[in-house]
Amino acid sequence: MPENILVAVAWPYANGPLHLGHLAGAYLPADIFARYHRMKGNQVLMVSGSDMHGTPITISAEKEQISPEEVASRNHRGFLESWQKMGISFDLFTSTHTENHTQVVHDMFLTLMNKGYLYKDTMPSAYCPNCTRSLPDRYIEGECPYCHSTNARGDQCDECGKTLNPNDLINLRCSICGTSPEIRESEHFYFKLSAFSDRLEAWAKEQSQWKPNVYSFTMRYIKEGLRDRAITRDLEWGIPVPVDGFENKRIYVWFEAVIGYLSASKEWAQQNNDSEAWKQFWQGDSRSYYFIGKDNIPFHTLIWPGMLMGYEGLNLPYRVPANEYLTLEGKQFSTSRNWAVWLPDYLERYDPDPLRYILSVNMPETGDTDFSWREFVRRNNSELVATYGNLVNRVLTFTYRNFDGHVPAIGELAPIDNALLNTANETLNNVSESLSNCRFKEGIKSAFALAQEANKYLDEKAPWKAIKENRDDAAHTLGVVLGAISCLRTVLYPFLPFSSEKLHSLLGSKGAITDIGWDFEFPLTDHALPKPEPLFTKLDDEEVISRETAKLG
RNA sequence: GGCGGCGUAGCUCAGGUGGUCAGAGCGUGGGCCUCAUAAUCCCAAGGUCGAUGGUUCGAGUCCAUCCGCCGCUACCA
8 MPENILVAVA
18 WPYANGPLHL
28 GHLAGAYLPA
38 DIFARYHRMK
48 GNQVLMVSGS
58 DMHGTPITIS
68 AEKEQISPEE
78 VASRNHRGFL
88 ESWQKMGISF
98 DLFTSTHTEN
108 HTQVVHDMFL
118 TLMNKGYLYK
128 DTMPSAYCPN
138 CTRSLPDRYI
148 EGECPYCHST
158 NARGDQCDEC
168 GKTLNPNDLI
178 NLRCSICGTS
188 PEIRESEHFY
198 FKLSAFSDRL
208 EAWAKEQSQW
218 KPNVYSFTMR
228 YIKEGLRDRA
238 ITRDLEWGIP
248 VPVDGFENKR
258 IYVWFEAVIG
268 YLSASKEWAQ
278 QNNDSEAWKQ
288 FWQGDSRSYY
298 FIGKDNIPFH
308 TLIWPGMLMG
318 YEGLNLPYRV
328 PANEYLTLEG
338 KQFSTSRNWA
348 VWLPDYLERY
358 DPDPLRYILS
368 VNMPETGDTD
378 FSWREFVRRN
388 NSELVATYGN
398 LVNRVLTFTY
408 RNFDGHVPAI
418 GELAPIDNAL
428 LNTANETLNN
438 VSESLSNCRF
448 KEGIKSAFAL
458 AQEANKYLDE
468 KAPWKAIKEN
478 RDDAAHTLGV
488 VLGAISCLRT
498 VLYPFLPFSS
508 EKLHSLLGSK
518 GAITDIGWDF
528 EFPLTDHALP
538 KPEPLFTKLD
548 DEEVISRETA
558 KLG
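Quick note on our numbering: the first sequence kicks off at 8 and runs consecutively.
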C-alpha cells in the first residue's frame with residue numbers, strides 16, 4: 008500500500024543566489040527523502056517556490072533601477088537552474104508571485120477572518136517622507152542610546168549588541184536616503200495565535216517523532232507565551248489585503264509564504280489536470296514533512312499549524328526535520344562579507360554528486376557542521392573516489408576486459424558469496440530505516456559500509472589471480488560483486504543520483520533506474536557492458552583549495 | 001542583559017531513555033596485493049570524552065558552578 012508523502016521545502020527568498028548552507032539545511036535532505044520514497048513506490052509530492060515579496064527585494068530593485076518583479080524573477084530563474092543542475096527533484100517549484108497563490112492566500116486570510124481569528128489593531132510605523140515608504144525596523148538607523156554608536160539599527164545595535172526598538176534611537180534616519188522618518192500609527196490585521204496556545208501545546212506534546220531540538224525550541228516558545236502577530240504591512244510589493252480600506256497595505260511575507268505549501272500543491276494538481284489531486288497529500292492518510300533550517304522552526308511548528316487549525320480540514324505537519332547550520336571554514340555564512348560558496352559558482356567547475364556526498368555525510372542534522380574545501384577534496388578523493396568509484400571501476404574494467412564485455416554466469420554460491428549478498432540486502436533495509444527516519448548521515452554511511460565490504464570480498468577472492476588458473480571462479484567472484492554494486496547503485500541513488508544513473512548504464516541495465524525500485528539486480532549475467540569509465544574524478548588538493556579559499560572574504 | 005548550542009583521538013564527526021560508549025572515516029606508522037583513478041585490503045599507535053564539584057553501585061551520557069568558542073533575541077527573510 009503506497010503511502011502519500013508531502014515533502015514541503017522552505018521557500019528561498021528571491022533576493023540573491025543560493026549557497027551551500029541553503030542546500031545542506033533543507034534542499035538536499037528533502038531531495039534525498041523524496042527520491043528514496045519514490046524508489047520505494049510511495050506517492051510523493053515535493054513542492055516549494057521562491058519567496059518573492061517583501062522590503063529587501065524592493066530595495067534591491069531600486070538600487071538596480073528595475074522593478075521588484077524583475078529582481079525576484081531573475082533570482083527565481085537562477086534557483087530553477089540550480090535545482091536542475093544539483094538534481095533537486097521538485098515536482099513543482101513555483102513562486103509566491105502567481106495568481107493561484109494570491110487566491111489561496113486570500114482564501115486562507117478570509118476564512119481565518121470569518122472564523123474570528125484575525126482582528127485589526129494599530130501599531131506605530133516609521134515612514135520616510137522622502138522614499139514615500141514605511142520602514143521596517145532594520146531600515147531605520149540612528150544613535151544607540153546605550154553606547155552612542157551612530158550606526159545602530161532599529162532592531163539592534165551592532166556595536167554593543169543591545170536589542171532596540173526604533174523609538175529608542177536618537178536622531179532617527181532612513182537607512183536608504185538618510186531622511187528623518189516620521190512615526191505614524193498604522194492599522195493592521197493580527198493573527199490570533201494566542202487563541203491556539205493550548206491546542207498547539209497539546210498537539211506538540213504528541214509529536215514524539217520530532218527531533219529534540221525542534222521539540223524543545225517549540226515548547227520554549229509556547230511557555231514564553233504565544234503572541235498575536237501582525238500579518239499585514241505598509242508595503243506596495245506583495246499580496247494585496249482582500250479587505251476594503253487596506254488598498255495600500257500588503258500581506259506580510261511570513262504569513263503568505265507558508266501558505267505556499269498549500270498553493271503550490273494546488274498548482275501542481277491543476278498542472279496535472281486533476282484539480283483535486285492535492286487533497287491526497289493534505290487530507291486523510293498522508294504525512295507531511297517540512298524541510299527547513301533551524302531558524303524557521305517556530306513558523307512551522309507553531310504559526311503554520313495554528314493557521315491550519317484555524318482554517319480546519321487540512322493535515323498538520325507530521326515532521327519538521329529542521330537542520331542546524333553549515334559553517335564555512337569555521338565561520339558562519341555571510342552574504343555581505345562574501346563568506347559563502349555560491350551554488351551557481353560551484354556548479355561552473357564541479358559535479359553535483361561530490362557536493363551532495365560531502366553535505367550528506369557531514370550534514371548538520373543534530374548540530375552545526377563545517378564545510379571546508381580541504382575536507383571537500385579529501386572526502387572526494389579518499390572516500391568517494393577511493394572507496395566507491397574505485398570499486399566500481401576496478402570491477403567493471405576487469406570484467407569488461409576478461410569476459411568480452413559481458414557479465415559472465417556465476418554458478419553456485421558459496422558461504423562467502425552469500426555473506427556479501429546478505430550484507431547487500433541488509434544495507435537495503437538499513438538505509439531504508441535510516442532514511443524513513445530522516446537520519447541521512449547514518450544512511451549514507453551504511454551504504455558506504457557495503458562498498459567497503461565489497462572491496463574486502465574482492466581482495467579475499469582475488470579474481471586477478473583466479474583468472475589465470477580458474478576462470479570460472481573469477482567469473483563467479485565478479486558476478487557476485489556486481490550484485491553488490493547493483494545494490495550500491497540503488498542505496499546511493501537518493502544521495503548521488505547522477506552517478507547512480509551513470510552506474511545504471513555502466514552495468515548494462517535496461518530501462519530507468521527508478522524501474523528497479525528499492526531493490527537490486529542479481530545476477531546480472533549476460534548484461535552487455537559498455538566501455539567502463541570512472542564514476543568520479545579525482546581533484547588536485549592544492550589547486551582546488553588555494554583557488555577556492557582565495558575567493559572567500 | 002536574556003535564551004540556546006557547542007567543546008569526544010592530529011582532522012571531520014557518531015555516541016535514543018546513565019552500566020562492552022570510549023567509537024567511525026580520514027590522516028599517521030608498518031605490512032600484503034597488483035584488477036583499479038599509487039586506489040584496495042590487513043595490523044598498530046593515538047583520547048583522564050573542556051575544568052571542578054555533586055547525584056548514583058556505576059556518568060561523554062543527569063545536576064551545579066567555571067573556562068573557551070558560537071548562534072539567536074520574533075515584523076530580516
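Heads up, the beta-carbon is just placed ideally off N, CA and C, and yes, glycines get one too.
Predicted model, so just to flag it, every value in this text is computed and none were measured.
With a beta-carbon spacing of about 5 angstroms, L233 and S201 fall inside the 8 angstroms limit used to define contacts.
Residue burial is scored here from C-beta neighbours: T65 has at least 16 other C-beta atoms within 10 angstroms and is therefore classed as buried.
Distance from the CA atom of W90 to the CA atom of E440, rounded to whole angstroms, is 26 angstroms.
As the crow flies, the alpha-carbon of N121 is around 12 angstroms from that of V250. The alpha-carbon separation between G149 and L366 amounts to approximately 41 angstroms. Across the set D352, W244, M53, the C-alpha of W244 shows the shortest separation from the C-alpha of S141.
Looking at the DSSP output, H413 shares a beta bridge with A535. For the options N425, F502, I258, C181, the alpha carbon positioned closest to that of R145 is the one of C181. Each residue's CA atom was taken as its position, placing D235 and I492 some 55 angstroms apart. Take G23, set aside five residues on each side of it, and the residues of its chain with a beta-carbon closer than 7 angstroms to its own are N82, T342, in chain order.
Membership of L25 in any alpha helix (DSSP H) is not indicated, and neither H nor E is assigned to it by DSSP. Going by DSSP, T334 is part of no alpha helix (DSSP H) but of the beta strand (DSSP E) stretching over 333-335. Around the Cβ of D241, a 10 Å sphere holds 16 or more other Cβ atoms; the residue is buried.
Under the 8 angstroms Cβ criterion, the stretch 312-319 counts as touching the stretch 189-203, having at least three qualifying pairs. Straight across, the Cα-Cα distance linking R446 with E331 is about 13 angstroms.
Measuring C-alpha to C-alpha distances from K230 to each of F86, A458, Q216, A209 identifies A209 as the nearest. Under DSSP, no beta-bridge partner is assigned to H104. Under DSSP, the beta-bridge partners assigned to F196 are K127.
Residue pairing from DSSP leaves L354 without any beta-bridge partner. With a cut-off of 8 angstroms on Cβ pairs, the stretch 119-136 is not in contact with the stretch 259-275, counting fewer than three such pairs. For L269, the enclosing alpha helix (DSSP H) stretches over residues 260-278. Under DSSP, I238 shares a beta bridge with no residue.
For L142, the enclosing beta strand (DSSP E) stretches over residues 140-142. W471 sits in a helix when the DSSP states are folded into three classes. At a Cβ-Cβ threshold of 8 angstroms, H483 and L514 do not count as neighbours. In this chain, the beta strand (DSSP E) harbouring N178 covers 177-181. For the pair L457 and T430, the CB atoms are nearer than the 8 angstroms cut-off. For the options D98, P63, G56, the alpha carbon positioned closest to that of G85 is the one of G56. Secondary structure at W244: coil, using DSSP grouped into helix, strand and coil. In this structure, the CA atom of R294 is about 51 angstroms from the CA atom of T186. Counting only residues of its own chain and dropping the five nearest sequence neighbours on each side, N11 has a CB closer than 6 angstroms to the CB of Q50, Q287, F288, S293.
Taking the C-beta atoms as reference points, H60 is found nearer than 8 angstroms to V260.
Per DSSP, G490 is one residue of the alpha helix (DSSP H) stretching across 478-499. Annotated as distal: N397 and I474, with beta-carbon spacing of 8 angstroms or more. Separation of D352 and F224 (C-alpha to C-alpha, rounded to the nearest whole angstrom) is 34 angstroms. E254 is classed as exposed because its beta carbon has fewer than 16 other beta carbons within 10 Å across all chains shown.
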